[in-house]
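Just below is one structure, and these are the notes that go with it.
There are 2 protein chains.
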Amino acid sequence: MAKTYDDLLAKVAACPVKKVAVACAQDDAVLEAVKAAKERNIADAILVGDEQKIKTIASVLKMHIEDFEIIDVKDTYEAALTAVKLVHDGKADMYMKGLIDTKSFLKSVLDKEVGLRTDKTLSHVCVFDIEGIDRLLFLSDVAFIPYPDLETKANIIRNTVEIAQACGVDNPKVAPLAAVEVVNPKMACTVEAEELTKMNEAGDIKGCIVDGPLSLDLAIEPQAAFHKGTTDRKIVGDADILLFPDIQAGNITYKSLVHTAPCKNGNILTGTKAPVILTSRSDEFEAKVNSIALGAVVAEALNNK
Amino acid sequence: MAKTYDDLLAKVAACPVKKVAVACAQDDAVLEAVKAAKERNIADAILVGDEQKIKTIASVLKMHIEDFEIIDVKDTYEAALTAVKLVHDGKADMYMKGLIDTKSFLKSVLDKEVGLRTDKTLSHVCVFDIEGIDRLLFLSDVAFIPYPDLETKANIIRNTVEIAQACGVDNPKVAPLAAVEVVNPKMACTVEAEELTKMNEAGDIKGCIVDGPLSLDLAIEPQAAFHKGTTDRKIVGDADILLFPDIQAGNITYKSLVHTAPCKNGNILTGTKAPVILTSRSDEFEAKVNSIALGAVVAEALNNK
Numbered sequence: 002m003a004k005t006y007d008d009l010l011a012k013v014a015a016c017p018v019k020k021v022a023v024a025c026a027q028d029d030a031v032l033e034a035v036k037a038a039k040e041r042n043i044a045d046a047i048l049v050g051d052e053q054k055i056k057t058i059a060s061v062l063k064m065h066i067e068d069f070e071i072i073d074v075k076d077t078y079e080a081a082l083t084a085v086k087l088v089h090d091g092k093a094d095m096y097m098k099g100l101i102d103t104k105s106f107l108k109s110v111l112d113k114e115v116g117l118r119t120d121k122t123l124s125h126v127c128v129f130d131i132e133g134i135d136r137l138l139f140l141s142d143v144a145f146i147p148y149p150d151l152e153t154k155a156n157i158i159r160n161t162v163e164i165a166q167a168c169g170v171d172n173p174k175v176a177p178l179a180a181v182e183v184v185n186p187k188m189a190c191t192v193e194a195e196e197l198t199k200m201n202e203a204g205d206i207k208g209c210i211v212d213g214p215l216s217l218d219l220a221i222e223p224q225a226a227f228h229k230g231t232t233d234r235k236i237v238g239d240a241d242i243l244l245f246p247d248i249q250a251g252n253i254t255y256k257s258l259v260h261t262a263p264c265k266n267g268n269i270l271t272g273t274k275a276p277v278i279l280t281s282r283s284d285e286f287e288a289k290v291n292s293i294a295l296g297a298v299v300a301e302a303l304n305n306k
Numbered sequence: 002m003a004k005t006y007d008d009l010l011a012k013v014a015a016c017p018v019k020k021v022a023v024a025c026a027q028d029d030a031v032l033e034a035v036k037a038a039k040e041r042n043i044a045d046a047i048l049v050g051d052e053q054k055i056k057t058i059a060s061v062l063k064m065h066i067e068d069f070e071i072i073d074v075k076d077t078y079e080a081a082l083t084a085v086k087l088v089h090d091g092k093a094d095m096y097m098k099g100l101i102d103t104k105s106f107l108k109s110v111l112d113k114e115v116g117l118r119t120d121k122t123l124s125h126v127c128v129f130d131i132e133g134i135d136r137l138l139f140l141s142d143v144a145f146i147p148y149p150d151l152e153t154k155a156n157i158i159r160n161t162v163e164i165a166q167a168c169g170v171d172n173p174k175v176a177p178l179a180a181v182e183v184v185n186p187k188m189a190c191t192v193e194a195e196e197l198t199k200m201n202e203a204g205d206i207k208g209c210i211v212d213g214p215l216s217l218d219l220a221i222e223p224q225a226a227f228h229k230g231t232t233d234r235k236i237v238g239d240a241d242i243l244l245f246p247d248i249q250a251g252n253i254t255y256k257s258l259v260h261t262a263p264c265k266n267g268n269i270l271t272g273t274k275a276p277v278i279l280t281s282r283s284d285e286f287e288a289k290v291n292s293i294a295l296g297a298v299v300a301e302a303l304n305n306k
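Protein chains in written order, with our numbering: chain A, 2 to 306; chain B, 2 to 306.
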């Protein structure tokens with residue numbers, strides 16, 4: 002079971018090297034991340050995009066990219082379709098966003114012919130390795146789905162459970178978060194949290210233990226659960242997956258962790274046939290490399306299904 | 002201008018010693034905090050409650066409380082009214098919750114005869130001193146108002162600005178937070194964030210600079226603002242006050258800071274005639290002492306108005 006990013010890297014090292022297809026690779030930050038991933042044996046890459054621009058960036062950054070396969074496609078969207086088709090056809094294991102707007106990139110992910118569409122909900126998972134917490138935390142959805150309804154929340158849990166299991170967390174504990182740990186009819190998210198708990202008990206959400214609503218301290222901090230005298234819950238500070246009531250709570254918490262806590266993080270888009278890496282410019286270099294490592298772990302798990 | 006809790010303590014040390022009236026002081030954690038506050042010259046206290054129980058707790062904890070004035074009132078709510086009246090009458094400077102349920106305590110705060118009611122909105126302010134951030138951050142509302150509407154958000158800002166000013170931050174920068182930094186009609190909090198910004202520009206919210214919507218990274222991290230090429234905003238990673246869209250986002254973020262970031266924090270209730278300290282059992286000992294220090298700073302500012 003991976004408890005840290007080092008554990009994830011060890012998992013990656015134990016598998017055949019995966020390959021990431023980059024859409025519009027003419028992006029300095031993405032090139033640097035992909036280069037580092039190759040050097041660290043995390044993943045190889047196929048660079049799809051404007052070859053001349055890619056080589057110019059590499060030259061400016063004094064980066065050797067001779068070892069990478071480059072497919073020269075100048076048109077942005079055509080480059081995306083070319084890259085995603087490589088994953089669709091099994092010639093690459095994961096798909097990564099380069100210098101292309103998010104909307105067009107997602108359109109290529111969902112393309113019916115060459116994309117990675119499934120019948121699942123698309124959702125975003127962010128995986129944190131935080132100092133002082135003895136396991137990985139899987140946060141969702143902090144970036145993609147604004148206001149999930151009950152069924153969408155159930156789907157987010159299902160997607161995130163798959164990612165946790167790929168990381169070796171076999172029966173993850175899922176905390177649907179709220180400001181409080183009791184149902185309050187005036188707070189819709191607490192009512193939904195209880196519903197999700199019942200759906201899990203009824204077998205509608207499998208492979209995990211759901212217990213909500215929970216405040217964050219009771220979800221992640223055993224001491225807090227102890228101080229509050231919590232004894233009748235399935236989660237007592239030992240949650241693996243944190244489900245957020247909406248994107249505002251998720252995104253603000255995510256950014257507070259990134260900018261104030263000593264931690265490592267990476268993130269992927271899931272609900273697709275293969276892992277999709279959609280890091281943003283504001284993500285740190287290491288977060289981009291971690292995201293590729295996370296993608297490789299998930300790709301390996303999908304291969305073994 | 003106070004930039005850390007050490008600065009706040011220096012401010013406290015430079016003023017006449019304040020006095021806190023404790024409602025139902027027969028609570029071990031509250032007694033320990035009050036005792037530490039006295040030893041550190043942060044504040045004196047009047048202990049209102051069941052004298053025998055107070056003395057028993059002190060004896061069990063081997064705590065010398067001979068220096069404290071004790072007013073023996075056995076009935077819980079009567080003790081609260083007695084304590085709050087001390088503040089109302091100017092015999093104490095701030096009011097603190099002991100072993101009494103929050104609902105009854107707040108009822109005493111709002112008592113028309115002897116309470117601390119004003120025509121302002123009651124709101125909660127949490128003040129953080131976070132490693133790596135060069136100033137205090139004032140968060141609201143993370144504990145008290147579930148789903149503030151536009152006018153309530155304006156009132157929360159007004160209350161929080163007073164607290165920031167009491168701490169020496171004369172013209173605080175206020176970031177109404179969201180998952181994104183642009184208005185999205187499908188996200189009500191971004192529309193309200195823009196409204197609040199306009200209300201500030203129109204002079205309806207004074208003594209501060211409001212700029213929203215803002216994502217947390219753009220609000221607190223100058224590097225993030227730089228990376229995103231933000232140049233046309235009034236806030237570029239230098240916000241003092243963080244306004245949350247609702248209590249879910251506020252509370253989860255608050256607890257993520259407390260449990261994962263290297264930080265100090267304290268909190269008070271405001272919109273009252275005098276500072277009200279309403280720490281919960283799950284607050285750390287130091288957070289309780291910090292809250293008393295914060296109350297003392299605010300009480301001094303109110304005295305000088």
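Think of the CB as a built atom: it goes at the ideal place given N, C-alpha and C, for glycine as much as any other residue. Since this is a predicted model, take the numbers as computed values, not measurements.
Listed by position along chain A, the residues whose Cβ is nearer than 8 Å to that of B/N156 form an empty set, because the closest Cβ is around 19 Å away.
Residues of chain B with a Cβ closer than 7 Å to the Cβ of A/S105 do not exist, since the nearest Cβ in that chain sits about 19 Å away. Residues of chain B whose Cβ lies closer than 7 Å to the Cβ of A/I248 are, in chain order, A180.
Taking 7 Å as the cut-off between beta carbons, none of the residues of the region 36-69 of chain A comes near chain B. The bridge partners DSSP lists for A/L138 are A/F129.
Think of a sphere of 7 Å around the beta carbon of B/N160: no beta carbon from chain A falls inside it, the nearest being about 19 Å out. Across the set A/N268, A/D233, A/R282, A/V259, the C-alpha of A/N268 shows the shortest separation from the C-alpha of A/V299. Rounded to the nearest angstrom, the Cβ distance from A/V49 to A/A24 is 6 Å, consistent with a contact under 8 Å.
When B/V183, B/F227, B/A93 are compared, the shortest CA-CA separation from B/G213 is found for B/V183. Its chain contains A262, C264 as the residues whose beta carbon lies nearer than 6 Å to that of A/I131, once the 5 sequence neighbours on both sides are disregarded; these appear in chain order.
A/E287 is outside the set of residues whose beta carbon lies under 8 Å from a beta carbon in chain B.
Considering only beta carbons, the part of the region 217-245 of chain B lying closer than 8 Å to chain A consists of L217, D218, I221, E222, A225, H228, K229, F245, in chain order.
A/P17 sits exposed, since fewer than 16 C-beta atoms from the chains shown fall within 10 Å of its C-beta.
Below the 7 Å Cβ cutoff, chain A contributes S216, L217, D218 as neighbours of B/K256, in chain order. Residues of chain A whose Cβ lies closer than 7 Å to the Cβ of B/S283 are, in chain order, D218, A225, H228, K229. Between the region 87-100 of chain B and the region 186-194 of chain B, the count of C-beta pairs closer than 8 Å stays below three; the two stretches do not touch. Take the alpha-carbon of A/V143 and the one of B/K113: they are about 44 Å apart. C-alpha of B/G169 to C-alpha of B/A3: approximately 6 Å in a straight line. With a threshold of 16 other beta carbon atoms within 10 Å, A/H65 falls short and is exposed. The three-state secondary structure of B/P177, taken from DSSP, is strand.
When the alpha-carbon of A/G204 is set against those of A/A180, A/R159, A/L243, A/Q224, the nearest one is in A/R159. By the Cβ rule, the region 285-294 of chain B does not count as touching the region 162-176 of chain B, because fewer than three pairs are nearer than 8 Å. B/T122 is positioned such that its CB atom lies closer than 8 Å to that of B/N156. Not a single C-beta of chain A is nearer than 8 Å to the C-beta of B/A34. A/V126 has its alpha-carbon roughly 29 Å from the corresponding atom of A/T232.
Contacts with chain B at 8 Å (Cβ-Cβ) do not include A/A194. By the neighbour-count criterion, in which a residue is buried when 16 or more other Cβ atoms sit within 10 angstroms of its Cβ, B/L295 is buried. When A/E287, A/N305, A/P276 are compared, the shortest CA-CA separation from A/L87 is found for A/P276. Those residues of the region 136-151 of chain B placed with their C-beta closer than 7 Å to a C-beta in chain A are P147, ordered along the chain. Distance between A/L117 and A/A84, taken at the CA atoms: about 11 Å. Taken in chain order, the members of the region 257-268 of chain A whose beta-carbon sits within less than 8 Å of a beta-carbon on chain B are S257, L258, V259, H260, T261, A262, P263, C264.
Unbroken alpha helix (DSSP H) runs of no fewer than 4 residues, entirely contained in the region 9-45 of chain A, are found at 29-40, following chain order. When 7 Å is used as the limit between beta carbons, A/K113 is near no residue of chain B, the shortest such separation being about 26 Å. Nearest to A/E222 by C-alpha distance, out of A/I210, A/V211, A/V237, is A/V237. Chain-ordered listing is empty here: chain A has no CB closer than 8 Å to the CB of B/C127, the nearest sitting near 13 Å. Less than 8 Å divides the Cβ of B/P177 from the Cβ of B/L215.
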